[in-house]
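Here is the structure we will look at.
Residue numbers (our numbering), protein chains in the order written: chain A, 65 to 469; chain B, 229 to 597.
Printed below as a string of structure tokens:
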């Protein structure tokens with residue numbers, strides 16, 4: 065930071081650092097930087113000193129000690145013998161799962177609601193307004209708790225499925241069980257030969273993409289649209305389906321069944337996960353809907369009219385003219401909503417969902433008494449995830465901004 | 229100045245915790261907690277300098293005792309129909325307040341969930357924690373707390389609905405278990421099921437009320453926590469007879485009040501108020517007959533009640549009749565037990581090991597000398 069070194073040719077006085085406009089900017093910045101670093105170090109030093117007064121040290125060794133507690137939802141193997149660090153990692157994965165699924169559904173839902181709110185149909189438009197205002201104006205924590213309460217109070221216990229004449233039955237040919245402990249879906253079991261099936265599926269998709277590109281090219285050159293929709297669907301479904309029977313049904317479903325206290329096997333979506341994801345997705349979708357609406361309204365009406373005068377139908381106008389332009393306006397504020405959803409997922413503890421706040425910032429913090437360390441790690445984690453999300457979407461955003469030629 | 233900045237950091241951490249721990253029900257005293265901690269910061273912090281009890285000075289200057297209790301554990305700390313705090317832990321704090329101020333009502337109760345209790349104590353939000361907390365090695369050493377003794381010898385149990393058809397914890401393989409996060413019971417549970425080669429699915433909850441709600445809704449098969457709390461919860465259910473506390477006790481849970489490390493004098497005060505209540509029961513001193521011991525030949529009673537010549541309570545900075553006031557507040561240990569946990573309360577917990585050593589229990593106080 066020795067940017068304030070004087071040029072050799074002139075005589076230099078120290079006062080020139082502040083009075084001379086050539087140096088003033090730099091020297092002020094250096095001063096500010098020094099003050100900032102000093103305050104920062106003073107804060108850290110002060111914290112450490114006071115922790116020492118309390119008889120506490122700052123140490124992250126607890127991450128390598130045995131955790132001793134169990135976690136219900138684990139995406140990686142974990143037992144009570146695993147370390148606190150691994151428990152934190154289990155929590156991180158759970159957080160990312162909620163964030164990803166939540167953002168996915170929030171985007172789709174928000175897009176639909178936002179477009180429908182502009183519908184000329186009075187009832188549809190009003191219903192969407194009610195949806196948006198309802199979800200947007202109630203704190204998301206209340207939505208989480210309420211959806212969780214609904215899921216646990218108004219669904220049957222696994223016990224209700226027992227007996228010759230059960231009070232509750234499974235849905236869809238005995239394949240899905242909705243209980244107050246979560247919903248159990250059949251899980252796919254990939255047997256021998258699944259690989260070939262996957263390969264054929266990927267090939268079909270590639271062919272469809274190729275056809276699509278060819279059709280677009282034709283359209284640009286000749287102006288004629290080729291009918292690709294049904295052909296694409298057939299290409300995707302038929303070869304894979306044929307191969308499926310040819311190899312001998314390599315993929316089978318593992319159905320959940322009642323054993324002892326609970327349902328066994330299948331995919332278990334816990335109510336805590338469902339409630340949290342659903343509430344976050346619904347809540348955030350209301351905001352996204354408004355962003356979508358704003359984006360669409362920002363496109364001048366002349367564009368719609370010009371497209372209509374060319375003879376395009378309303379949904380073609382939306383897909384080909386309006387949305388591509390609106391996306392440029394929509395995406396930047398969309399990022400903050402994704403970030404909000406991710407950070408709001410830390411409310412998980414309200415319904416006992418074991419996200420990173422619940423494991424590292426909850427149980428581990430409590431059992432080890434390492435408040436400062438746990439909170440620092442948590443903050444670091446959320447910061448990294450948020451920065452990662454922003455950079456990914458910013459990259460995406462740059463790819464379809466107007467290219468100035 | 230340094231301390232103020234430090235406690236602001238702690239306060240921010242605590243605020244985060246409080247916000248995260250806000251449940252469906254709004255935490256009754258969270259606002260109060262925040263306000264009181266701000267007061268503490270403004271009032272300056274020198275609580276860890278040792279020597280004379282700084283905590284006692286703070287308490288006296290403030291005019292009341294801040295006592296951390298459970299947010300709702302029947303028998304230990306609840307709020308009755310008239311809005312008054314009642315319970316076993318509550319009565320201990322009232323005795324302590326009576327010893328300091330001569331007024332059992334000079335105490336403010338701060339409801340703390342199991343997850344925030346130690347942070348609240350460490351940050352000076354409360355002067356003492358009487359929140360059915362288990363005394364363990366790591367809490368004593370690593371968490372830098374000082375336990376004042378054991379006021380209730382408890383153990384972890386399981387409660388199930390009778391129609392589940394389970395009569396022993398060993399039949400719980402595969403069960404879904406409601407468990408309060410951040411408790412020793414959480415760790416015992418993991419160890420117990422592992423030892424016995426059984427599997428289970430934990431359903432983490434924040435406090436007793438939430439566990440109870442989940443358990444009643446059938447979101448878990450069994451609810452596990454200290455057996456005393458289970459008994460207390462069971463009686464308050466709509467049909468207590470439909471529920472069963474299983475006979476097995478899977479752990480030792482010695483519960484007791486605690487203070488933060490560093491103020492030994494303050495710890496002594498809390499410890500000896502508890503001992504005084506226990507000695508009072510040994511000697512037969514009750515709330516009703518406490519004034520009738522003036523002519524006794526038992527010197528220990530005179531020392532305890534401050535009716536003799538010795539003023540040994542001056543050693544810890546308490547008035548001569550402090551223990552008299554403490555016992556007068558809610559009676560001796562036995563009376564407090566009966567009123568909150570025993571037959572009088574309807575919870576009907578037997579004294580068992582919590583009886584005085586003179587009556588076959590293990591409750592034993594060092595001599596008041």
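For glycine and all other residues, C-beta sits at the position ideal for the given N, C-alpha and C.
Alpha-carbon to alpha-carbon, residue j and residue i
{"i": "residue 534 of chain B", "j": "residue 522 of chain B", "result": "10 Å"}
{"i": "residue 434 of chain B", "j": "residue 410 of chain B", "result": "9 Å"}
{"i": "residue 251 of chain B", "j": "residue 448 of chain A", "result": "Note that residue 251 of chain B scores a pLDDT of 47, beneath 50, so its modelled location is shaky; the value from the coordinates is reported in the next line. Looking at the two C-alpha atoms, the distance is approximately 28 Å."}
{"i": "residue 288 of chain B", "j": "residue 594 of chain B", "result": "27 Å"}
{"i": "residue 405 of chain B", "j": "residue 580 of chain B", "result": "27 Å"}
{"i": "residue 460 of chain B", "j": "residue 339 of chain B", "result": "18 Å"}
{"i": "residue 476 of chain B", "j": "residue 291 of chain B", "result": "45 Å"}
{"i": "residue 467 of chain B", "j": "residue 314 of chain B", "result": "23 Å"}
{"i": "residue 268 of chain A", "j": "residue 303 of chain A", "result": "8 Å"}
{"i": "residue 443 of chain A", "j": "residue 424 of chain A", "result": "11 Å"}
{"i": "residue 254 of chain B", "j": "residue 367 of chain B", "result": "Model confidence at residue 254 of chain B stands at a pLDDT of 45, short of 50, so the residue's coordinates are unreliable; what they give is reported in the following sentence. Near 28 Å, if we compare the C-alpha coordinates of residue 367 of chain B and residue 254 of chain B."}
{"i": "residue 381 of chain A", "j": "residue 368 of chain A", "result": "7 Å"}
{"i": "residue 570 of chain B", "j": "residue 471 of chain B", "result": "19 Å"}
{"i": "residue 583 of chain B", "j": "residue 552 of chain B", "result": "22 Å"}
{"i": "residue 360 of chain B", "j": "residue 299 of chain B", "result": "11 Å"}
{"i": "residue 149 of chain A", "j": "residue 128 of chain A", "result": "6 Å"}
{"i": "residue 464 of chain A", "j": "residue 140 of chain A", "result": "37 Å"}
Pair within 7 Å by beta-carbon distance, residue i and residue j
{"i": "residue 385 of chain A", "j": "residue 371 of chain A", "result": "yes"}
{"i": "residue 135 of chain A", "j": "residue 418 of chain A", "result": "yes"}
{"i": "residue 548 of chain B", "j": "residue 537 of chain B", "result": "no"}
{"i": "residue 334 of chain A", "j": "residue 255 of chain A", "result": "no"}
{"i": "residue 420 of chain A", "j": "residue 155 of chain A", "result": "yes"}
{"i": "residue 515 of chain B", "j": "residue 559 of chain B", "result": "yes"}
{"i": "residue 193 of chain B", "j": "residue 144 of chain A", "result": "There is no way to answer for residue 193 of chain B, as the model of chain B reaches only from 229 to 597."}
{"i": "residue 409 of chain A", "j": "residue 170 of chain A", "result": "no"}
{"i": "residue 479 of chain B", "j": "residue 383 of chain B", "result": "yes"}
{"i": "residue 517 of chain B", "j": "residue 302 of chain B", "result": "no"}
{"i": "residue 561 of chain B", "j": "residue 505 of chain B", "result": "yes"}
Among the options, the one whose alpha carbon lies nearest that of residue i
{"i": "residue 423 of chain B", "options": "B/435, B/459, B/398", "result": "B/398"}
{"i": "residue 146 of chain A", "options": "B/415, B/587, B/355, B/300", "result": "B/415"}
{"i": "residue 509 of chain B", "options": "B/566, B/382, B/295, B/300", "result": "B/566"}
{"i": "residue 393 of chain B", "options": "A/234, A/233, A/223", "result": "A/223"}
{"i": "residue 378 of chain A", "options": "A/179, A/150, A/172, A/165", "result": "A/179"}
{"i": "residue 403 of chain B", "options": "B/376, B/412, B/431", "result": "B/431"}
{"i": "residue 261 of chain A", "options": "A/345, A/90, A/312", "result": "A/312"}
{"i": "residue 257 of chain A", "options": "A/316, A/361, A/280, A/133", "result": "A/316"}
{"i": "residue 354 of chain A", "options": "A/174, A/85, A/81, A/131", "result": "A/174"}
For residue i, the three-state DSSP class (helix, strand or coil)
{"i": "residue 331 of chain A", "result": "strand"}
{"i": "residue 397 of chain A", "result": "helix"}
{"i": "residue 368 of chain B", "result": "helix"}
{"i": "residue 281 of chain A", "result": "helix"}
{"i": "residue 248 of chain A", "result": "strand"}
{"i": "residue 80 of chain A", "result": "helix"}
{"i": "residue 200 of chain A", "result": "helix"}
{"i": "residue 539 of chain B", "result": "coil"}
{"i": "residue 499 of chain B", "result": "helix"}
{"i": "residue 295 of chain B", "result": "strand"}
{"i": "residue 360 of chain B", "result": "strand"}
{"i": "residue 276 of chain A", "result": "helix"}
{"i": "residue 465 of chain A", "result": "coil"}
{"i": "residue 387 of chain B", "result": "strand"}
{"i": "residue 243 of chain A", "result": "strand"}
{"i": "residue 270 of chain B", "result": "Because the pLDDT at residue 270 of chain B is just 45, under 50, the model does not fix this residue reliably, and the value given afterwards should be weighed accordingly. Helix at residue 270 of chain B."}
is_contact[residue i, chain A] using C-beta, thresh 7 Å
{"i": "residue 492 of chain B", "result": "no"}
{"i": "residue 447 of chain B", "result": "yes"}
{"i": "residue 598 of chain B", "result": "One cannot answer for residue 598 of chain B here, as it falls past the ends of chain B, which runs 229 to 597."}
{"i": "residue 430 of chain B", "result": "yes"}
{"i": "residue 370 of chain B", "result": "yes"}
{"i": "residue 437 of chain B", "result": "no"}
{"i": "residue 409 of chain B", "result": "yes"}
Chain B contact for residue i (CB, 7 Å cutoff)
{"i": "residue 480 of chain A", "result": "The structure shown does not extend to residue 480 of chain A, since chain A is modelled only from 65 through 469, so no value can be given for it."}
{"i": "residue 379 of chain A", "result": "no"}
{"i": "residue 329 of chain A", "result": "no"}
{"i": "residue 362 of chain A", "result": "no"}
{"i": "residue 372 of chain A", "result": "no"}
{"i": "residue 419 of chain A", "result": "no"}
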